[in-house]
Structure formats: C-alpha cells, structure tokens
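Colleague: Chains as they are written, first to last, in my numbering: chain A, 48 to 370; chain B, 27 to 401; chain C, 1219 to 1520.
Take a look at this one; I'll ask things after.
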Amino acid sequence: MILETLDLKKYFAGKQILKGISLAIKRGEIFGIVGPDGAGKTTFIRSVLGLYRPDGGSVSLFGGAGSEYPKSRVGYVPQQFSLNADMTVWENIALFSRLYGLPEALWAARAEKLLDMVWLGDFKNRLADSLSGGMKQKLALICGVIHEPEALFLDEPTTGVDPVSRREFWQMLYRLNRAGLTVAIATPYMDEVELCTRAAFFNQGQIRLVGAPAELLALYPYKLFAVRADNLRLILRRTLDLPVRAAYLQGTRLHVALDGESGLPALEEALAAAGLGAFAITPVRPTLDDLFSFAAGLPGPAGPGIGRAADLAPAAASSGGAP
Amino acid sequence: MTRLTALIKKEFIQMRRDRITLAIMVVMPLFQVLIFGFAINTDVKHLAAAVFDQSLSRESREFIEALTATEYYDITCAASSLQEITDQLQAGGVKAGIIIPPDYAAGLKNGRGSQVQVIVDATDSIAATSAINTAQLVGESKSREILVRKLRAAGIAGLETSALDVRIRPWYNPDFITAFYMVPGLCATILTLTMILTTSLAIIRERERGTLEQLMVTPLRPYELMLGKIIPYIAMGYTQLTVLLLAAKLVFGVPFQGSVFLLYLLTGLFITASLGLGLFISNTAKTQMQGIILSFSFIMPSVLLSGFMFPREAMPTFFYYLGYLVPITFYLKIIRGIVLKGASAEQLWPQILVLCAFIAIVMSVSILRFKKRLD
Amino acid sequence: MNIAIKTDGLTRKFGDFTAVAGLSLTLPAGGVYGFLGPNGSGKSTAIRMLAGLLLPTGGSGSVLGLDILTQSEEIKKQIGYVSQKFSLYSDLTVYENLDFYGGLYSLKKTERAGRIEKALALTALTAQKDLPAANLSGGWRQRLALGCAVLHKPRLLLLDEATSGADPDARRLFWQLIYRFAAAGTTVLVTTHFLDEAEHCDRIAFIQDGAIIADDTPENLKASLPGALYKIPSPDPVGLLEGLSAQGHDMSGAYIRGQSLCVRTVGAPPRFAGDGTQKIAPALEDLFIYLVEKKRAKRHRP
C-alpha cells in the first residue's frame, strides 16, 4: 500500500474542507482525483504530503505513521508552476537533483532521457520563463521524478496545456508508471480520468464515488439520451424547464438523463414546444463527463439563478434581435 | 471622474482590508519618532574618562572637579600609569584619558605654566568633538582664573573681565535641545520613507498580480491611474504627519512657533512629491524587489544629503548641490522653519516653488512613461 | 456584412522570436469564434493585439471598425476581455470588484447598481456577492471576471483561455453564458484547450507558429481529417499500443481512450484490428493532433 488515509479532516477558518476522507492507493496505480472546484482535491493532496497538518483522522504513506515519510520516496508536481523562471531548463533539473543529493553522473543521464521523451531535448538552455505552458508542465514533471520516487502526486498538472502536450505528458506518466511509479493525479479533464486505473470523485470535502473507470460508469443511475438537432444552441440561450434529471450540452449533442424510457414522450413534447424543430433522440452510454455531472450533483444548464444575457449585451445588438 | 473615484474607492478598501500594513503605517512612525527623538543626541555628555593624576595636589583636584562639573566627563577610573590609560582606551572602557603631570601644581605656582594632556578616542567624531571642546573651555577658563588670581596678587585689579567679550545668543532653540531639531526632521524622513515605498510598489504589485492587464483593457487613462494611486496615500501621509506632530508636541514638547495650517498645507506638497517619486520608481522597476531596492537607494542618500543629521554646510560643494535634487532638503527647511522659527509662506516661497516644480516633473514623467500596453 | 474583426498580415515579434506571423482573418459580427492551437502558438499574443494591449510590429487590423494601431483607446470602450490569469482583486468582494469595474467604465451610480445586479444574476453569483474574491473557486472566479468584463455592454468579448482550470460543470455554465451573449448579438472570440468546448464555435481558426493553418466550421474541419478513425477495444490498450509499435506499425496518430485504442489510418481498417473494431467519427481533438504532428514532423525533417 502506498497511501492510506482514514477519516482525514481539515478545517480552514472554521470551514470544514475535508470531511473525513478514507482512501487507499495501491502500489502501481494511476489514481485519479476528480471533482468540482473547491471539492477539496488540493487540500487532500497537501494534507497527505504533510504540507498541511490534518485536523483529524490519519495519513499513512508507505505504511508509516503520520506525515513522517522519507521525502526522497515521494515526488510532487504542484498546481502552480513552481520552478525557477529565471533559470534554464537544465539548471532547474540540476537544482532539484542536488536538493535530493543525487550525484551528477546519475541525474544528468536520467535528465537527458526524460527530456528526449517529451521533446524537450532541444530546449535545455532555454529559460524556464520563456517555455510555453505545456513545456513548463513537462519540465515540472521531470523535476518531480528526477530522484526516481516511488509515488508521484500531481495537482492538476495539465491545466491550460494543449491537447498534444497533454498526450505527451500522459505518455510519459504511463512510461514512468510501467517502470514502477505509483501516480496520484488531480485533473479537471475527464478523458484523463479514463486513463487512470482507479479514480475517486470528490465533492464538498467527501468522496462520492471511487473505483475503476468502468466500475464508476456502472454506477450511473439514469438512462442517458443524446439529442441531436440543427439549432441545438437554442437550448443554451433559454432557460428550459425540461422534465428530466439533467440536461447539458456535451460536444455537439444535448445529453439528457431520464429515470427510464417512459420519460421520452414528455421530453419530445417539451423539446418540440421549445421550438427545437427537427431533432433525433438516441440512447447513449454515459461517459465520465456524464458521471461527473451526476457526482457533482449540480443541475444542468436549465439550472436556477441565471439571468438574461440580453440584459448586458449592447443595446443596438439586442434590439436588433437574435438571429 | 467616475473612473478616478472608482480607483480611489478601491484603493481605500484595499488599504482598510490590509489591517497589518495599515497598523504598521500608523504605529511605526510613532515608534520611530520616540526611538530617534530620545536616542539621538549630538550633544554628547557623560563621557567615561580615566585620570592619571601624577600631581595629586589641590590644583590638580580642582581641575578634575571643573571637568566633571561640566557633566561632559564622568571620571570612572583613576589610572596609576600611562599604560593603564592606553589599555582602557584601547579596550573602549573609557572614551578619554586625562593625564596630569607630576609638576602640575608646581608649574602653576612658579608661573612656568603646566600642561594637561587629554587623549580622546576619536573613532566617534561627534563624541570626540564634544570632549575636545569641553576640555579646551575648561582649560581656558582655568588658566584665566589663575591669571586673574596672579594679577590680583600682584596688585593689579579690574582685569577680571576679558578685553573682548563675544556674547552668543542661540535663538530658536536656546537650550540646544537636540529633540527640537531632530523631531521635525524625523517627520520629513519618515514621510519620505513610507510615501516613496508604498507607491513604488503600487503599480508593480498590480503588474505582478496580473490585475494591471485587466486595467489596461478598460478606458482608464494613465493620469487617472496615477492620481488614483496617489490620492489615497496623501490621506495616509496626513495621518502619519498628525501622529508625528502630536508626538512632537506631547512627548518632546517641541514648541510650535508658526502656523500649523501652513505646515499641513506645505506638507501636502512634500507628500505629493514623494508619492510621485514612488510612482516613477514603480513605473521603472519590473519586480517588487527592484522597486524596494530602487526606493532605498534613493531614500538613504537623500536623507543623508538633506541635512537631516549632518549640516549641509559642512558638505563638499558637489554633495551640497546634489542635496538640491531631493525634495526632502527643501521640506526640512519648511518644517524646521515653520515649527521652530515661525516662518511664513512668504519666507518659504523658494522651497514651495521647488516642490511644485518637482511634483510637476515627476508626475508628468510618470504619466508619460506609463503605457497602457504590455510591451 | 458587418465586420467585427479584420486583420491583414498582423505580425508581432519579441526580439528575434516571431509570436504572430502575418495573421489575416475576417470575422463577421455576431457569433462565436474559436482560436485553437498549441501552447505558445501565438493565440494570446494575437488577442492581446486586438485588445490594444500589445502593439503589432507589422500588418494592420481593425476591431469593430476601429484601427488597432491608432484607435486602441476607442476599442477598449467597446470590448470585454477575460484572460487566463484571474486578474481581479482578491482582497475585494465580488460586489466591490464589479463596482470597481463599473466605475472604470464610467457607469453612473444608479445605472451601475442595476447592471451589477444583472451581472450577478447572470453569472449565478448573487449569493456570493459579499464574499472576498479570494474565496471563490476557479469556475466562480472566471464567471466573476466575465461579469466584470460585460458591465459596459461590450460589442465584442475576447476570452483568452477563460475556462482554463475550471471543472466540467463550471465550464458548461460558462459556455452557456457565452451562448447567451452571442444570442444577444455580442461577437465572441475565445481561445481554449478544451476541444469539446470548441465544438460549440461557429468557426474555428487553427493557429500554429503564429499563423493560421486551418480556418473553417467545426464540421468542415473534422471532415477534412484524412483517413478514418478506428476504435479497437482492448483490456490493456497501453500494452496493445506498445506491442504494435514494437511490431513496426506507424502508431504516431494513435491514442488511448478508456479501454480502447484509437488509430487513424488512410484507406482500409488497420490489419491488426480485431473483433469489435468500430469506425468512429473524428472529434476536433483528432484534427488538432493531426495538424500539430504534421507540422512537427515537417519541422523535424531535415
């Protein structure tokens, strides 16, 4: 077992951020930590690493007690770019290596290999500041694993990173994982959660769901349907009151969650009444995006409290009428 | 106008939210004026001194008593050898050594005269000057006393007074109370320090936090941004001035000879000039660290050159004129003039003009330098 | 046709690095436009030039009929800008932030109060109006930033990775807002790395190395992807991918999606495909990766 927490609690300014998290991460896993903003993902990672002192419950890394663990066995890639912007790529790697007391002969060879793996070989002497967002995160990953830790914690490392860089980032994670690294990663990207061996859905300081992606999808309680229509955007412009569990745009389709097929006629009627024109409804299998919406327990786009954008659109345009 | 009020309001809210900084801004000047006001005294008294009295006569005792009576010397050690005095001076146990020769009394009696040697530790030049002046004064008055006594003994009377009598009347601060001189000067120094530092970070901070980028895409004009950054701190400057003046009056009893209204009015010019200078730094520096270092590398020499502690008259010509480049030099004349001498606006017009010109220059440079662009 | 943005050979150099290299595009008013491209491709630089934050070093452009070189201050009165960095005041409350920006856009007191109320309702932040902005989580902050940027009823919204770091639901809510503005006649230009979001755009420009390499509707762009995509189910897609690579297959366009491997081939289905292999419709992400890797391959070729 790499990590085991039991009823982990953390308060900030009287507000409970972690409401008793019990979680175990096994050796060799790529474990996803998912949830809406403010669900407690970052607080959880920081509490586990001993950056925050837990207010209750226990944390055990590598079977040890409390927040005492050999730092060299853990790597951490925090949310914000925490490398030295005024140092070059190579100098940053050198700094982290020396902080872990690695001999140059050892780390230099590793660094070369890791840099080549993510196409950074040509940028060794570039200042970290002038790297693009994706490159910075890859560098942060290299710095986090240069001491060959057994477990790596990453806090939304691919935020703001383009899809290609994100893929390369994950390819590297996979390779490291195959070589024995256990990975725990917080991410807002559901396609990344699919790549995890297991994932936990956090919400409001608690774990709502945990399991392998396929197991998680089996937990989805509703029947999901996809609506295709030419002027689907109409749905977004209006506050529709649909007789559904949830409705939201997913890619080019509208996903609606119903309790069962019996709800379909009412849905068709409501969509027609909304002036959607020609549309087609097909049953679809839920994806992790759908599961996220369910786990986050938030209403779909027809949710409350949303005013009219025309109120704040330019007068000329709004009087001219929407197309 | 709406934009400017919005900015000022925002700055005030931020100032109010940052309670710690606010407290530091109000309380720190008070502490500084208390520390400096009490600790700094250029009139050095009670210097520890060692005496090697080889004469051990009535005359030598009289001389030593005359020295201690001035309160400038405290005899803390009666040395028994020249070596002991040297050692004590070396070790820093005493600041002065007084050596009275064995034939002191005899020399005075037989009219050959005598020599008293005063060795002063001149590493601290202010203390040394004070010790030397006192020793010379005591020596002169003693020898005149002896001379008069002799003349009288010889039957010549009426020569008790010197032929030439120079009477010095110290005006404005007749008791030479250092605090009277220092405290108004401190007001100037503290205001410079806090005003320049706060605004020097004002724009850099927004730049580093990324909020400046958002301001740049609004119709905000550079002059509005500059004024919006200055006006709230003028209020802060006045708060500090009030705290400082109250301390000057209540703690140190500094007499207020001139118009308090005029002082507040003209201090406004100085505060604005300092804030403008801070803005200029904020527009030049790229990081907060650069801003702080730039501020200090301006503040330190400008305080030294201003005449706050060291008389400008004693400075080499180049540095004397260099002092004219910093606003605090002019403000010191204003605050000391009004507080201690009761100076009027007519007497201070050169200083007023210079401060106005200074404000005009730094503000226009700051406004012109500020580009609503990221490059 | 009413033109919102028109640029002609727009160029921006930083030293000897060219961030934007001769960008020419015309965007009609009304609608949602997307700039897509890898990190460092020049999207943000382009948007900043349009917003008047950076001066172009070459070319010309106009925003809402105003010249970006000479009339940037006029432009600023009519646009709203939200950047990837959350650049509001964390020590001010939600309401105070809105009030401040309302003031910067010279809205009179009563008018300002009314618009702030509407912005709060629109962004679903009414209940949070007295919270310090520092206490808001990612998605809420971004909605606040949007609220601040629309108080003056801008005709054009420039959103530079505005949804970066937000969770899926927060992103959906944000996009709903974007749509409502578009429906009300505001022109919206967005950059994003979430390609599922980009599917909602009316038109997309792919930018790489500072130049537009593709510019069309999402449907046409996806149709332009050569070859076909196949999804091969596998309990160990990573092992499958590595195995196929080791056998000498060109797996450069392959990626893992859940319990399956996606492969793009030109022509027939891949020889190694087993049972259950499905042909799937390409997503924008497939095109994105295709375009970026094509360009990269060209660059790495001597």
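Glycine included, every Cβ here is placed at the ideal spot set by N, Cα and C.
Measure from the alpha carbon of C:Gly-1403 to the alpha carbon of each residue in C:Tyr-1448, C:Ala-1247, C:Val-1238, C:Leu-1241, then state which is nearest.
Modeller: The residue given as residue 1403 of chain C occupies position 185 in the third sequence. Answer by Cα proximity: C:Ala-1247.
Colleague: At which residue ranges does the segment 1261 to 1344 of chain C contain complete beta strand (DSSP E) runs of 3 or more residues, listed in the order of the chain?
Modeller: Correct list: 1276 to 1281, 1297 to 1300.
Colleague: List the whole-angstrom C-beta distance separating B:Phe-306 from B:Ser-167, where the pair is believed to meet the contact cut-off of C-beta under 8 Å.
Modeller: As a working note, residue 306 of chain B is residue 280 in the second sequence. As a working note, residue 167 of chain B is residue 141 in the second sequence. With a Cβ gap of about 56 Å, B:Phe-306 and B:Ser-167 do not count as contacting.
Colleague: Taking A:Lys-185 as part of the alpha helix (DSSP H), name the residues at either end of that continuous run.
Modeller: On the first sequence, residue 185 of chain A is found 138 positions in, with the first residue counted as 1. Unbroken alpha helix (DSSP H) run through A:Lys-185: 180 to 192.
Colleague: Between A:Leu-296, A:Pro-235, A:Gly-227, A:Ser-212, which lies nearest to A:Glu-203 when the distance is taken from Cα to Cα?
Modeller: Numbered from 1 along the first sequence, position 156 holds the residue referred to as residue 203 of chain A. The shortest Cα separation from A:Glu-203 among A:Leu-296, A:Pro-235, A:Gly-227, A:Ser-212 belongs to A:Pro-235.
Colleague: I'd like the list of long-range same chain contacts for B:Gly-317, defined as Cβ closer than 8 Å, with 5 residues on each side in sequence excluded.
Modeller: The residue given as residue 317 of chain B occupies position 291 in the second sequence. Closer than 8 Å at Cβ, skipping near neighbours: Ser-226, Leu-227, Ile-230, Ile-307, Ser-308, Ala-311.
Colleague: Can you name the residues that DSSP bridges to B:Val-146?
Modeller: Within the second sequence, numbered from 1, the residue matching residue 146 of chain B stands at position 120. Answer is B:Ala-122, bridged to B:Val-146.
Colleague: Quick one: what's got a C-beta closer than 8 Å to A:Gln-63's C-beta in the same chain, skipping five residues either side?
Modeller: The count along the first sequence starts at 1 and reaches residue 63 of chain A at position 16. Correct list, in chain order: Lys-56, Lys-57, Gly-252.
Colleague: Is there a C-beta anywhere in chain C that falls below 7 Å from the one on A:Asp-336?
Modeller: For the purposes of this step, residue 336 of chain A is taken as residue 289 along the first sequence, with counting starting at 1. True, the Cβ-Cβ gap to chain C drops below 7 Å.
Colleague: Does B:Val-391 get closer than 7 Å to chain C when you measure Cβ to Cβ?
Modeller: Residue numbering aside, residue 391 of chain B sits at position 365 when the second sequence is read from its first letter. Output row for B:Val-391: interface = no.
Colleague: Who are the neighbours of A:Gly-85 on chain C, taking C-beta pairs under 7 Å?
Modeller: The residue given as residue 85 of chain A occupies position 38 in the first sequence. Within chain C, the residues near A:Gly-85 are Ser-1355.
Colleague: Pull up the DSSP beta-bridge partners for C:Asp-1226, would you.
Modeller: Position 8 of the third sequence, counted from the start, is the residue given in the question as residue 1226 of chain C. Note: C:Asp-1226 sits in a beta bridge opposite C:Ser-1278.
Colleague: Look at A:Asp-163 and A:Ala-132 and say whether their C-beta atoms are less than 7 Å apart.
Modeller: As a working note, residue 163 of chain A is residue 116 in the first sequence. As a working note, residue 132 of chain A is residue 85 in the first sequence. Result no, Cβ atoms of A:Asp-163 and A:Ala-132 do not sit closer than 7 Å.
Colleague: Classify C:Asp-1493: buried if its beta carbon has 16 or more other beta carbons within 10 angstroms, exposed otherwise.
Modeller: As a working mapping, residue 1493 of chain C is identified with position 275 in the third sequence. Result: exposed.
Colleague: Beta-carbon of A:Tyr-58 versus every beta-carbon of chain C: anything under 7 Å?
Modeller: Counting from one through the first sequence, the residue named residue 58 of chain A turns up at place 11. A:Tyr-58 does not count as touching chain C.
Colleague: How close, in whole Å, do the beta carbons of B:Pro-353 and B:Ala-299 come, if the pair is a contact with beta carbons under 8 Å?
Modeller: Residue numbering aside, residue 353 of chain B sits at position 327 when the second sequence is read from its first letter. Residue numbering aside, residue 299 of chain B sits at position 273 when the second sequence is read from its first letter. Yes, they are in contact, since the Cβ atoms of B:Pro-353 and B:Ala-299 sit about 4 Å apart, within 8 Å.
Colleague: Find out if the Cβ-Cβ distance for the pair C:Val-1406, C:Phe-1399 is shorter than 7 Å.
Modeller: Here the question's residue 1406 of chain C lines up with position 188 in the third sequence. Here the question's residue 1399 of chain C lines up with position 181 in the third sequence. Result yes, Cβ atoms of C:Val-1406 and C:Phe-1399 sit closer than 7 Å.
Colleague: C:Asp-1234: buried (16+ other C-beta within 10 angstroms of its C-beta) or exposed?
Modeller: Along the third sequence, read from residue 1 onward, the residue named residue 1234 of chain C stands at position 16. Per the 10 Å Cβ criterion, exposed.
Colleague: Identify the contact partners of C:Glu-1329 in chain A, using a Cβ-Cβ distance below 8 Å as the criterion.
Modeller: As a first step, residue 1329 of chain C must be located in the third sequence, where it is residue number 111. By Cβ distance, chain A contributes nothing, its closest Cβ being about 12 Å from C:Glu-1329, past 8 Å.
Colleague: Checking 7 Å against the spacing of the C-beta atoms, do C:Gly-1279 and C:Thr-1341 come in under that value?
Modeller: Counting from one through the third sequence, the residue named residue 1279 of chain C turns up at place 61. Counting from one through the third sequence, the residue named residue 1341 of chain C turns up at place 123. Not in contact: C:Gly-1279 and C:Thr-1341 (Cβ atoms no closer than 7 Å).
Colleague: Using the Cβ count rule (16 or more neighbours within 10 Å means buried), how would you classify C:Met-1469?
Modeller: Taking the third sequence and counting its residues from 1, one reaches residue 1469 of chain C at position 251. With 16 or more Cβ atoms within 10 Å of its Cβ, C:Met-1469 is classed as buried.
Colleague: Using a Cβ cut-off of 7 Å, pull out every chain C residue sitting near A:Val-136, in sequence order please.
Modeller: Translated into the one-based positions of the first sequence, residue 136 of chain A becomes position 89. The contacting residues do not exist; A:Val-136 stays about 14 Å from chain C at best.
Colleague: Just reading off the alpha helix (DSSP H) that C:Gln-1496 is part of, what are its end residues?
Modeller: One-based indexing of the third sequence puts residue 1496 of chain C at position 278. Unbroken run through C:Gln-1496 is the beta strand (DSSP E), 1496 to 1498; no alpha helix (DSSP H).
Colleague: I'd like to confirm the pairing. Which residues does DSSP put opposite A:His-302 in its beta bridges?
Modeller: The residue you call residue 302 of chain A lines up with position 255 of the first sequence. BP columns for A:His-302 point to A:Ala-273, A:Tyr-295.
Colleague: Please compile the residues from chain A whose C-beta is within a distance smaller than 7 Å of the C-beta of C:Asn-1438.
Modeller: On the third sequence, position 220 is the one that residue 1438 of chain C refers to. In chain order: nothing, as chain A lies at least about 13 Å away.
Colleague: In this structure, does DSSP put B:Ser-83 in helix, strand or coil?
Modeller: For the purposes of this step, residue 83 of chain B is taken as residue 57 along the second sequence, with counting starting at 1. B:Ser-83 falls in the coil class under three-state DSSP.
Colleague: Give a yes or no on whether 7 Å exceeds the smallest Cβ distance from A:Val-240 to chain C.
Modeller: Within the first sequence, residue 240 of chain A is the residue found at index 193, counting from 1. False, the Cβ-Cβ gap to chain C never drops below 7 Å.
Colleague: Please report whether the beta-carbon of C:Gly-1258 lies at a distance below 7 Å from any beta-carbon of chain B.
Modeller: In the third sequence, residue 1258 of chain C corresponds to position 40, counting from 1. Output row for C:Gly-1258: interface = no.
Colleague: Just the chain C side, please: which residues come within less than 9 Å of B:Ile-256 by C-beta, in chain order?
Modeller: The sequence position of residue 256 of chain B within the second sequence is 230, counting from 1. Going along chain C, no residue has its Cβ under 9 Å from B:Ile-256, so there is no contact; the nearest lies around 17 Å.
Colleague: On the premise that A:Ile-254 lies in contact with A:Ala-265, defined as a C-beta separation below 8 Å, what is that separation, rounded to the nearest angstrom?
Modeller: One-based indexing of the first sequence puts residue 265 of chain A at position 218. One-based indexing of the first sequence puts residue 254 of chain A at position 207. Incorrect: roughly 17 Å between the Cβ atoms, too far for contact.
Colleague: Please go through the same chain and pick out, in chain order, the residues whose beta-carbon is closer than 7 Å to the beta-carbon of C:Trp-1393, but skip the five residues on each side of it.
Modeller: Taking the first residue of the third sequence as position 1, residue 1393 of chain C is located at position 175. Excluding sequence neighbours, C:Trp-1393 sits near Glu-1415, His-1418.
Colleague: Hey, how far is the Cα of A:Gly-347 from the Cα of A:Gly-111?
Modeller: Here the question's residue 347 of chain A lines up with position 300 in the first sequence. Here the question's residue 111 of chain A lines up with position 64 in the first sequence. Per-residue confidence for A:Gly-347 stands at a pLDDT of 34, beneath the threshold of 50, marking its modelled position as unreliable; the derived number appears in the next sentence. The alpha-carbon atoms of A:Gly-347 and A:Gly-111 are separated by roughly 43 Å.
Colleague: Does DSSP put A:Thr-52 in a helix, in a strand, or in coil?
Modeller: Here residue 52 of chain A refers to the residue found at position 5 of the first sequence. A:Thr-52: strand per DSSP, three-state reduction.
Colleague: Between the alpha carbons of A:Trp-137 and B:Met-51, how many angstroms are there, rounded?
Modeller: For the purposes of this step, residue 137 of chain A is taken as the residue at position 90 of the first sequence. For the purposes of this step, residue 51 of chain B is taken as the residue at position 25 of the second sequence. The straight-line gap from Cα to Cα measures roughly 43 Å.
Colleague: Between which two residues does the alpha helix (DSSP H) harbouring C:Ala-1472 extend?
Modeller: Start at 1 with the first residue of the third sequence, and residue 1472 of chain C comes out as number 254. No alpha helix (DSSP H) holds C:Ala-1472; DSSP gives it neither H nor E.
Colleague: Provide the residue(s) that pair with A:Asn-250 in DSSP beta bridges, ordered along the chain.
Modeller: Position 203 of the first sequence, counted from the first residue, corresponds to residue 250 of chain A. Paired residue(s): A:Gln-253.
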